[in-house]
Amino acid sequence: MRRLAPLLLAAASALTVPVHAHASDDNDAARRQASDALMADYHGQSPGAALLVLKHGQVLHARGYGLADLDTGQAVDTRTNFRLASVSKQFTAMAVLLLAADGSLQLDDPLAHWLPGLPPATASVTLRHLLVHASGLVDYEDHLPVGLDKQLRDADVLAILRGQDRTYFPPGSGYRYSNSGYALLALVVEKASGQAYADFLRQRLFLPLGMNHTHARTDDGPAIAFRAYGYRQLDGHWQRSDQSPTSAVLGDGGIYSSAEDLSRWLAELDTPRVLPAAMVNQALSAANPVHGEADVSHYGLGWRLHPGLAWHSGESIGFRNVLIRFPEQRLDIVLLSNRDAPEPYALARRIAVLWGAPAP
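Numbering (mature numbering (1 follows the signal peptide of the UniProt record, and there is no 0)), first residue to last: -23 to -1, 1 to 337.
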């Protein structure tokens, strides 16, 4: 613990907090204050953030900063629901694994078996290819209809891809991050389960884990409780910038959740009680090599992987989020924010070091 004390004192330099290296409670108090100091940019009357630190499945620090809604002055707390954006992909992947365990589908099923009508270039694409970004499918966001005046749904993504008879590379031969693939996986979940994607996730994943306020947001579904609205800064002022034409696509990024609910998800990944341990291990196992991306050597099933590290970021209009797991230390960091900058990954890594993670 003596090596920890100088680090804590340096990180907490803005705070006059004594650190007693001989007492773990005092060290945790210093870590909390040092973490809060690093979150200083989110304090005050501006769009905010929620921070969660989990170790050995136990919450060590959880706090909100700033505002969830500038119009009402509603503060961010650990129950505030943020649009997770691509952090949602790990839940889509787990839904597919649940259906595979049920015998309702197989990961090596051809995509065309579930979603007929796709062009010949995609004939060899499998569900596994979609999960690990090996499909080569074109990015639907590069082919949005001219004059689009409504939000797309996952079914609209399928319609776009039915008109694209090409792939970036032969399916199964490479890696390219694909929002298209995860939008299609949401449709496969619906076909295989006979339920709406949002209903399947809620009944099979969220409610069993006690994630009672987590939803895949749909217009006809329940209102999002404790919702944060997204913002961007323009000419020195914060403007609400909460929805884009792709914000209603669910499979690649449409889930809302809170630090509090995500603590239950991460605790389950640490010590599975509801999900089979083999299923969790499969999601977090290296499946497709990745080259040229920082801190990513492989993609798993909804997770970016690197030695000693599993993580995923989520960026969409008005939101920037990250979940980071350090399996060897059994340490998890959640940082959710309702502003379009900065990217929170580097900050979350700095906070993780305070709590025992290796330095980047």
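C-beta: ideal position from N, C-alpha, C; glycine also.
Values in this document were obtained by computation on a predicted structure and should not be read as measured data.
1) Under the assumption that Y19 contacts G50 (Cβ atoms under 8 Å), give the Cβ distance between them as a whole number of angstroms.
2) Have a look at L135, R307, D79 and N265 and flag the residue whose alpha-carbon is nearest the alpha-carbon of L37.
3) What does the alpha-carbon distance come out to for the pair M188 and R281?
4) Would you call R143 buried or exposed, if buried means 16 or more other Cβ atoms sit within 10 Å of its Cβ?
5) Just tell me which of V257, H110 and G231 has its CA closest to the CA of Q220.
6) For D309, collect the residues of the same chain with a Cβ closer than 6 Å to its Cβ; drop the 5 residues on either side in sequence, then sort them by chain order.
7) I'd like the ranges of any beta strand (DSSP E) spanning at least 3 consecutive residues and lying wholly in the region 35 to 92.
8) Would you mind stating whether S218 and G207 have Cβ atoms separated by less than 8 Å?
9) Between the beta-carbon of H289 and the beta-carbon of K66, is there less than 8 Å?
10) Apart from the five residues on each side of it in sequence, which residues of its chain come closer than 7 Å, Cβ to Cβ, to Y154?
11) According to DSSP, what are the bridge partners of F303?
12) Could you give the C-beta distance for L135 and L92, rounded to a whole number, given that I count them as a contact under 8 Å?
13) Using 8 Å as the threshold, is the C-beta distance between S224 and S314 below it?
14) Given a threshold of 16 other Cβ atoms within 10 Å of its Cβ, counted over all protein chains shown, does V115 qualify as buried or as exposed?
15) Kindly list the residues whose CB is nearer than 6 Å to the CB of residue 369, restricted to its own chain and excluding five residues on each side of it in sequence; keep chain order.
If we stick to the structure as given:
1) Position 42 of the sequence shown, counted from the first residue, corresponds to residue 19. Position 73 of the sequence shown, counted from the first residue, corresponds to residue 50. The pair is not a contact, with the Cβ atoms about 15 Å apart (cut-off 8 Å).
2) Walking along the sequence shown from the start, residue 37 turns up at place 60. Considering only alpha carbons, the answer is R307.
3) Against the sequence shown, residue 188 aligns to sequence position 211. Against the sequence shown, residue 281 aligns to sequence position 304. Cα to Cα, the separation comes out at about 23 Å.
4) Working through the sequence shown from its first residue, we reach residue 143 at position 166. With fewer than 16 other Cβ atoms within 10 Å, it is exposed.
5) By one-based count along the sequence shown, residue 220 stands at place 243. Nearest of V257, H110 and G231 to Q220, Cα basis: G231.
6) As a working mapping, residue 309 is identified with position 332 in the sequence shown. Cβ neighbours of D309 beyond the five flanking positions: L31, L243 and R302.
7) 35 to 42 and 44 to 46
8) Here residue 218 is taken as the residue at index 241 of the sequence shown, counted from 1. Here residue 207 is taken as the residue at index 230 of the sequence shown, counted from 1. Closer than 8 Å, so yes.
9) Translated into positions along the sequence shown, residue 289 becomes position 312. Translated into positions along the sequence shown, residue 66 becomes position 89. Taking 8 Å as the Cβ cut-off, H289 and K66 qualify as a contacting pair.
10) Counting from 1 along the sequence shown, the entry for residue 154 is found at position 177. H110.
11) Residue numbering aside, residue 303 sits at position 326 when the sequence shown is read from its first letter. According to DSSP, which records beta bridges pairwise, F303 is partnered with L308.
12) Counting from 1 along the sequence shown, the entry for residue 135 is found at position 158. Counting from 1 along the sequence shown, the entry for residue 92 is found at position 115. Indeed, because the Cβ distance is near 6 Å, the residues count as touching under 8 Å.
13) Within the sequence shown, residue 224 is the residue found at index 247, counting from 1. Within the sequence shown, residue 314 is the residue found at index 337, counting from 1. Contact flag unset, no.
14) If you number the sequence shown from 1, residue 115 lands on position 138. That one is buried.
15) No information on residue 369 is available, as it lies outside the stretch -23 to 337 that the chain covers here.
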